[in-house]
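Numbered continuously in our numbering, the sequence shown closes out at residue 351.
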Amino acid sequence: MKNAIINGRFMEDRMQGLVRYARELLEALDPIAGNEEITLLVPPTAKDIPHYKNIKILQKGANGGIIWEQTTLRHYLKTHGDSFCVNLCNVSPLFVQPGITAILDIMYKVNPGHYTTIRNKLSRYWHIMQYSYITRHEKKIITISEFCKNEIEKSYPRTKSKIEVIPCAWQHVKKFKESQDWKARYPFLIDKEFYFSLATLSRNKNGKWIINAAKRNPEAVFAIGGKHYETEYDEIPQNVHMLGFISDEDACALMKHCKAFIFPSLYEGFGLPPLEALALGAEVISSNTTSLPEVLLDSVHYIDPENTDVDLNELMKKPVGIRENALNQFSWDKSAEKLMKLIKDTERK
């Protein structure tokens, strides 16, 4: 029997979509791991290391990041010949035994125009090399939606016999504690009278849609949470408030109390934020592209992410389907069961 070694590099990163995926999947995996030999190997830079009942945690090395992944983790796998690696965040150590790797999307390959800085271009080249290595080398590949599965198989036909969909889920929002002082800290936001969004520096998140929509809806108030630079926008109208990075507690409060959560993304492998917003009871306005209709079904108000000529008041009057139809598709427990099966199958081979 081979032992599963989980690549814990994601434990050093701030919470974002792929980190959420890995952390929640492992939390749901631990109760069902039983006597399986599963070890989470983490770098010394890891933060908020969880306590597991069945999954063993080892902290190794003297550095973090890519260097840790390609040296310390790789050395550990090489010196434990009965081990294989489980990578949950798009990247694998090179030249180790075949294992399991998650490719959450292939945006770096299919959207080259989104990467214009030297740093982003280098990141793109690294990930494209990883896609090629992973799709050729690994025994099993995980992805998070049928849309992503089709995208990967189209670009890498060799994956058709070894790719599995293990989706994200939303139950983690039940753990969020709503900020009680959000009204005091954001006095410009009135309950149920503002539109809320989460956007980052990534071009695919399409924050400019919100800026342009705000110009066309001057009577409305907009709040955008997330890391950004104001210089990425030509002009920010007065009815848009840039909040910067916000905590889960603030995101929870603003999702619960906004008029609608807006998600105008150009490309998504899954679309976790709008699903979280649905789970917290928010009305959702979402892009109609890529994986989003698959995940959100008819439970949201759809927009064309290339068209900002939208009357939001009229859009919000249109009826939508029952949110539970979308939510009931996904469960961290069900996703963990699928991962457990892959691990057991790989251990036996």
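Backbone N, C-alpha and C fix where the C-beta goes; we use that ideal spot for every residue, glycine too.
Counting C-beta neighbours from all protein chains within 10 Å, is the total for residue i 16 or more, i.e. buried, or is it exposed?
i, result
"Tyr110", "buried"
"Asn152", "exposed"
"Gly283", "exposed"
"Glu140", "buried"
"Asn92", "buried"
"Ser337", "buried"
"Thr310", "buried"
"His303", "buried"
Among the options, which one has its Cα closest to the Cα of residue i?
i, options, result
"Ser249", "Gly228, Val242, Ser267 and Val88", "Gly228"
"Glu339", "Met13, Arg16 and Gly36", "Gly36"
"Thr81", "Val93, Asp50, Asn92 and Phe97", "Phe97"
"Lys258", "Pro169, Phe86, Thr41 and Val175", "Val175"
"Lys346", "Phe198, Ala253 and Lys142", "Lys142"
"Asn330", "Asn309, Asp306, Ala281 and Val312", "Ala281"
"Ala279", "Ser301, Leu268 and Glu29", "Ser301"
"Trp211", "Pro307, Arg22, Asp84 and Ile102", "Pro307"
"Glu285", "Lys319, Thr310 and Tyr269", "Lys319"
"Gly271", "Ile264, Cys260, Glu251 and Leu294", "Leu294"
"Gln173", "Arg16, Glu316 and Glu326", "Glu326"
For residue i, collect the residues of the same chain with a Cβ closer than 6 Å to its Cβ; drop the 5 residues on either side in sequence, then sort them by chain order.
i, result
"Leu90", "Ala24 and Ala104"
"His353", "Because the chain here runs from 3 to 351, residue 353 falls outside it and cannot be looked at."
"Phe247", "Lys229"
"Asp193", "His259"
Is it the case that the Cβ atoms of residue i and residue j are separated by a distance below 8 Å?
i, j, result
"Val167", "Ile146", "yes"
"Ile154", "Ile165", "yes"
"Thr348", "Lys4", "yes"
"Ile57", "Leu20", "no"
"Ile59", "Ile51", "yes"
"Arg11", "Glu71", "yes"
"Ala358", "Ser181", "Nothing about residue 358 can be reported from this structure: the residues present for the chain run from 3 to 351 only."
"Glu26", "Ala171", "yes"
"Pro266", "Ser289", "yes"
"Ala201", "Leu277", "no"
"Leu298", "Gly273", "yes"
"Phe86", "Ala186", "no"
Give me, in chain order, the residues of the same chain whose beta-carbon lies closer than 8 Å to that of residue i; leave out the 5 immediate sequence neighbours on both sides.
i, result
"Pro220", "Pro239 and Asn241"
"Leu314", "Tyr197, Ala215, Asn219, Ala222, Ala262 and Ile287"
"Ser157", "Ile108, Lys111, Val112 and Tyr133"
"Glu232", "With a pLDDT of only 46 at Glu232, under 50, the local geometry of the prediction cannot be trusted, and no value is derived from it."
"Pro114", "Arg126"
Using a Cβ-Cβ cut-off of 7 Å (strictly less than) and excluding sequence neighbours within five positions of residue i, which residues of its own chain qualify?
i, result
"Leu75", "Asn9, Leu43 and Pro95"
"Lys62", "Leu43, Thr74 and Tyr78"
"Glu148", "Val167 and Glu296"
"Met13", "Val44, Ala48, Lys49 and Ile51"
"Thr161", "Thr137, Ile143, Ile154 and Glu155"
"Pro189", "none"
Checklist entry - Taking only runs of the alpha helix (DSSP H) that begin and end inside the stretch 269–334, which ones reach a length of at least 4 residues, in chain order? => result 274–281, 294–298, 314–319 and 325–329
Item to check | Those runs of the alpha helix (DSSP H) which lie wholly inside the stretch 144–208 and span at least 4 residues | outcome: 148–157 and 184–187
Next on the checklist: Please give the ranges of any beta strand (DSSP E) in the stretch 32–86, keeping only runs that are unbroken, at least 3 residues long and fully inside the region.
Outcome noted: 40–44 and 58–61
Next on the checklist: To test your reading of the DSSP string, which unbroken alpha helix (DSSP H) runs of 4 or more residues are found completely within the stretch 108–145?
Outcome noted: 109–112 and 120–139
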